[in-house]
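Here is the structure we will look at, set down as C-alpha cells.
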Amino acid sequence: SHIAALFVHLGDERGREFLRRLKANRLRLSASNGESADQVTADPSLLSLVDSDDAINRARRGEAIEMVIPDQQPGGLGCFLVPNAVVLIKGAPHPTAARRLADFLLAPESERQLAAADCAQIPLHPGVPAPPELPALEKVRVMEVSYAEVARKMVEIQQELEAWVGY
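Just so we're on the same page, our numbering is the position in the sequence shown counted from 1, plus 60.
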C-alpha cells in the first residue's frame, strides 16, 4: 500500500523512478515488516520502510532502532498513514453484536488500550494519548491521498511490482 500511495501521489513515472533508485541502491527485500525491522536492529547502517508498530516494539524491547516519520518538512509529501476501519455490513447475520463490537472498538478506553498495546495504534479521540514513541496525530504531516485510488493502484501495479521484486 505504501508504494501504491507513492504512485498515486507522485504519478506513475515518478513512482517508477523511485523504484529504480531504490534498486540502484542495492535494496534488500524481506518477507515482512517485522523481518525488515529485525534487519535494521542487526545492522544499524540499514534503513527500512515499515509500519510504526514494528519499530516501536523493537525500541520497547531495548533494541537499537530509531524511528523517523518521513517527509515532515514544509512542502514534503507527508507520511502515509494506513487507517484502520470497522464497518457494519448490511444484511450481516448478527447486526446487534456487530454494532456492539464497533462501539467497543471506537470507545476512548479501547483506543487507550490499543495505543498502549504492541500494535501501538494512533488514537483519534481528543484526549486519548498516542503511544509515547509517536507524536500526536495532529502534529504529523500526513500524505494527502485518496485511499480508494490507492486500492485501485495496488491492483493496477501488482504485476509490475512482482516483476520489480523478481517473482
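In this text, a Cβ means the ideal position worked out from N, Cα and C, and glycines have one as well.
Keep in mind that this is a model prediction, so the values were computed, not measured.
- Taking C-alpha positions only, S108 is separated from A124 by approximately 13 Å.
- The three-state secondary structure of V215, taken from DSSP, is helix.
- Rounded to whole angstroms, P189 and A196 show a C-alpha spacing of 8 Å.
- Each of D114, L82 and R76 was checked against the Cα of Q218, and the nearest Cα belongs to R76.
- Counting C-beta atoms within 10 angstroms of its own C-beta, A180 has 16 or more neighbours from the protein chains shown and is therefore classed as buried.
- For N93, the enclosing alpha helix (DSSP H) starts and ends at N93 to A102.
- Contact annotation: G122 and E204 have beta-carbon atoms that are not nearer than 8 Å.
- The C-beta separation of A65 from V210 comes to about 5 Å, placing the pair in contact by the 8 Å criterion.
- Going by DSSP, A162 is part of the alpha helix (DSSP H) stretching over P155 to L166.
- Residue pairing from DSSP places V202 in a beta bridge opposite C139.
- Taking every protein chain shown into account, the CB of L148 has fewer than 16 other CB atoms within 10 angstroms, so this residue is exposed.
- Contact check for L194 against S61 fails: the beta carbons are separated by 8 Å or more.
- With a contact defined as Cβ atoms closer than 8 Å, Q99 and S90 qualify at about 6 Å.
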